[in-house]
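Residue numbers (my numbering): 35 to 227.
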């Protein structure tokens, strides 16, 4: 995954704002070739929106750029987002400019795939994210969010840990009754479960 990928991250169509995301080593170097900040920037701070002009090839748009440094980005890689006006010609022009500077078009789900491969998301988190995106109802959003945030996994893991401790304590009481260990009771097991 040494290449830089690029895609429009917002829904296709006309809107007030669109986001073009690029990810991969060298994303900031590429982005600097097409972004002119209002003020000179020596070092781009992470998670800060910088206002300036974005080169769309045959035109300029007035928008913002934000940088996310590896590993503290969604993909775990250096990532840059351009927040531009949401017209079709604007988003396509800015996307094409990233491609002309060496990025390649991301395949469907490739940002999420990179997040998974870089250990930023688990497989169940990826599934939850897709469930949220494809949701038509609030209940589906909630279920997808719980899967994305691994809430069920965390609950089950905590229960598994408690039960493992109970089994170890029961086993020690059975195997070493002469040691005078604290007596394991069924009430203790009930309280754990």
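Ideal Cβ positions, reconstructed from N, Cα and C, are used throughout, including at glycine.
Out of the options, which one is the CA nearest neighbour of residue i?
i           : options             : result
residue 99  : 66, 109, 193 and 50 : 66
residue 48  : 102, 120 and 55     : 120
residue 123 : 201, 50 and 198     : 50
residue 83  : 155, 168 and 72     : 72
residue 154 : 138, 110 and 190    : 110
residue 136 : 157, 56 and 199     : 56
residue 152 : 184, 128 and 108    : 108
Could you tell me whether the Cβ atoms of residue i and residue j are closer together than 8 Å?
i           : j           : result
residue 114 : residue 43  : no
residue 70  : residue 86  : yes
residue 178 : residue 166 : yes
residue 146 : residue 160 : yes
From the DSSP secondary-structure annotation, give me the bridge partner or partners of residue i.
i           : result
residue 115 : 55 and 100
residue 71  : 86
residue 41  : 55
residue 94  : 89
residue 49  : 120
residue 80  : 101
4 or more residues per run - each alpha helix (DSSP H) lying fully within the stretch 106 to 186: As far as the stretch 106 to 186 is concerned, its whole alpha helix (DSSP H) runs of at least 4 residues are 122 to 134, 144 to 151, 157 to 167 and 172 to 182.
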